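Residue numbers (the numbering used here): 1 to 590.
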DNA sequence: GCCGTTTTCGGCCCGACTGTTTTCAGTCG
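Here is the structure:
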């Protein structure tokens, strides 16, 4: 239910604020515990309430980051709708920590000072304090810090949040290319969330090794896309790009490249776990390498360098395999790495054909032939034409007769094209009652039947789930396209019980799609992992509406990798003939 | 307040940069 998702995010907020309150008063260690609990709540979503309903406090304590005290607070929240400890803190210190803390550079101590000295409670109060130049009168604040705060506040208000991977990747590639050309540079790469290929990117993290650090830093801060320089150091500089995203560059000696790359690839949670594990093995890990801990003569710990050249030797020295960047989220990937059971996730470049392509028969911009040529040029050997069906009247969706006509055109083109195969397909609409928008007779003539929801997005969860499963159960169906229908930053997506959808996909041997279009990324990584675990096949498509959209395929492969999918889990890593043989066999059994 | 390949008690990641300091606190990643 949507309400339970809301409550777990409310809990995340409550624990986040408790962490801040404790931090303000310099309470040791508790802040990290609450911070962890907060992240855990956000990540678990509905599972928190599900656990509570099933087993109360005892079950809650099984959740990561939740012990006796926090379990009791969660229990209290679900019973009474609030957490007294949090409410008491809020009474004593009535500040909108959640909003204020979103401003870059504004941490717990500053929020504390702003309130105790200037009675700033929220963003409005902060604006007034800034306008009257009172902020600079707080002890340890000055003109510069006041100006910086004003800048960051303005930026936060303008910024739409994080940026889509598909938008940032080309920019980062451009910067890397430019910096790599500078004399003396040996390595220049991006790390951070970009290297982990997360669906959204907070900022661009760059690492370079060079014989001439000054030269690279100068070049970096004067790149054409730089708007302002925020930091300019010998080993680290930070800039804001005109497109509204920050970029950080670290310059390190070539000898420690591997350690630095590991460190700044993150994510933070992964690194904390890894460093804690290193400590347990009497090592300490930082961006300069892995060090062995020793007791010095003065009783203090000191370290002798063990390894730092490559990421692999660091993980190996700790007795584990190297998790691919996409898996580094601070979940169970470290256990898997230790136990040498990391999956062989699908390599980039594995997709051989695109199974969702729109043409100018409906809302695509190009002819079937132009799309086929573009797909071939993008390195693919086949594609399925999957134009919309008649329920989508505003794009001129095809009816049964037009689908038959399109099939003849595809036959003609297949005779003409060399080394490329066009499959006859459809993106058939799922109607409100779960029936399909083309006749079974027509569907049976097609090589590839994709189905998707384009209407009635707001049905209640149970009804929406029933509707989609009804559609999946049609024996002609091969794949459910963009299953959740979300548009990142624009539309939430339909309310589906994904466990039931995955189970139905397994039962009816229907594949689920990873729609790689940057606005969609649907399925997302979490759902991909569920699908893989259930043994249900996936498909990576671009949902191409124009010839240059085939470039999105690596974005889809990235999602598959984040969801631990192997090549074997993904149907369109097969050759065209192997795929057709698979589909043929499936239909005969149906 | 959490957690266990070092532990059920005693630990809890760590270094760079900024701005305000005259030796360091705060924030970030």
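We put the CB at the ideal spot given by N, CA and C, even for glycine.
Since the model is a prediction, treat every value here as computed from it, not as a measurement.
Taking all protein chains shown into account, do 16 or more other C-beta atoms lie within 10 angstroms of the C-beta of residue i, making it buried, or fewer, making it exposed?
i	result
residue 24	buried
residue 439	exposed
residue 228	exposed
residue 348	exposed
residue 568	exposed
residue 53	exposed
residue 8	buried
residue 68	exposed
residue 116	exposed
residue 197	buried
residue 377	exposed
residue 663	Given a span of 1 to 590 for the chain in the structure shown, any question on residue 663 remains unanswerable.
residue 247	buried
residue 372	buried
residue 300	Because residue 300 carries a pLDDT of 41, less than 50, the predicted location of this residue cannot be relied on, and the following value inherits that uncertainty. Flag for residue 300 reads exposed.
residue 27	exposed
residue 353	buried
residue 362	buried
residue 89	buried
residue 218	exposed
residue 561	buried
residue 191	buried
residue 17	buried
If you draw a straight line from the alpha carbon of residue i to that of residue j, how long is it in whole angstroms?
i	j	result
residue 584	residue 411	19 Å
residue 209	residue 258	11 Å
residue 405	residue 367	14 Å
residue 482	residue 204	28 Å
residue 343	residue 571	17 Å
residue 309	residue 261	10 Å
residue 200	residue 162	6 Å
residue 452	residue 226	42 Å
residue 442	residue 400	6 Å
residue 97	residue 11	14 Å
residue 423	residue 280	56 Å
residue 63	residue 40	8 Å
residue 113	residue 138	7 Å
residue 142	residue 134	10 Å
residue 563	residue 271	20 Å
residue 403	residue 525	33 Å
residue 473	residue 537	16 Å
residue 22	residue 380	55 Å
residue 121	residue 522	39 Å
residue 616	residue 105	With the chain covering 1 to 590 only, the question about residue 616 has no answer from this structure.
residue 240	residue 224	11 Å
residue 4	residue 150	With a pLDDT of only 41 at residue 4, under the threshold of 50, the placement of this residue in the model should not be trusted; the figure read from the coordinates follows. About 37 Å.
residue 468	residue 132	57 Å
residue 15	residue 168	32 Å
residue 476	residue 325	38 Å
residue 331	residue 398	45 Å
residue 282	residue 230	37 Å
For my contact list, residue i and residue j are in at a C-beta cut-off of 8 Å; report their separation, rounded to the angstrom.
i	j	result
residue 558	residue 550	Actually they are not in contact, since the Cβ atoms of residue 558 and residue 550 sit about 15 Å apart, beyond 8 Å.
residue 250	residue 265	Contact flag wrong, Cβ pair sits at about 12 Å.
residue 304	residue 321	The pair is not a contact, with the Cβ atoms about 25 Å apart (cut-off 8 Å).
residue 573	residue 346	7 Å
residue 211	residue 184	4 Å
residue 359	residue 385	6 Å
residue 539	residue 565	Between residue 565 and residue 539 the Cβ distance is about 11 Å, and since that is not below 8 Å, they are no contact.
residue 486	residue 434	With 8 Å as the limit, residue 486 and residue 434 do not qualify as a contact, their Cβ atoms being about 20 Å apart.
Identify the residues that DSSP records as bridge partners of residue i: which are they?
i	result
residue 271	DSSP, once it has assigned bridges, lists no residue as partnering residue 271.
residue 592	Beyond the ends of the chain as shown, which are 1 and 590, falls residue 592; an answer cannot be given.
residue 453	Answer is none; residue 453 lacks a bridge partner.
residue 398	389
residue 354	383
residue 430	436
residue 544	357
residue 442	For residue 442, which the question treats as bridged, DSSP gives no partner whatsoever.
residue 573	Looking at the DSSP assignment, residue 573 forms no beta bridge with any residue, so it has no partner.
residue 345	566
Check: In chain order, which continuous runs of the alpha helix (DSSP H) of length 4 or greater are located wholly inside the region 42-121?
Finding: With a minimum length of 4 residues, the unbroken runs of alpha helix (DSSP H) contained wholly in the region 42-121 fall at 46-60, 68-80, 84-92, 97-100, 108-118.
Checklist line | Segments of 3+ residues assigned as beta strand (DSSP E) that fall wholly inside the region 363-395 | finding: Runs of beta strand (DSSP E) with 3 or more residues, each lying fully within the region 363-395, are found at 382-385, listed in chain order.
Check: Can you give, in chain order, each stretch of the beta strand (DSSP E) that sits fully within the region 157-218 and has at least 3 residues?
Finding: Listed in chain order, the beta strand (DSSP E) elements of length 3 or more contained wholly in the region 157-218 are 185-190, 203-210.
Next item on the list: Go through the region 213-263 residue by residue and report every complete run of the beta strand (DSSP E) that reaches 3 residues or more, in order.
Entry: Within the region 213-263, complete beta strand (DSSP E) segments of at least 3 residues are found at 226-232, 236-241, 246-252, given in chain order.
Notebook entry, point to check: Which whole runs of the beta strand (DSSP E) in the region 493-542 are 3 residues long or more, in chain order?
Noted result: Here the runs fully enclosed are 511-515, 538-541.
Next item on the list: Just list the alpha helix (DSSP H) runs in the region 460-488, keeping only unbroken ones of 4 residues or longer that don't cross its boundaries, in chain order.
Entry: Taking only runs of at least 4 residues, the alpha helix (DSSP H) segments lying wholly in the region 460-488 are 461-472.
Item checked: Segments assigned beta strand (DSSP E), at least 3 residues, entirely inside the region 280-330 -> If you keep only unbroken beta strand (DSSP E) runs of at least 3 residues inside the region 280-330, you get 283-286, 289-295, 301-307.
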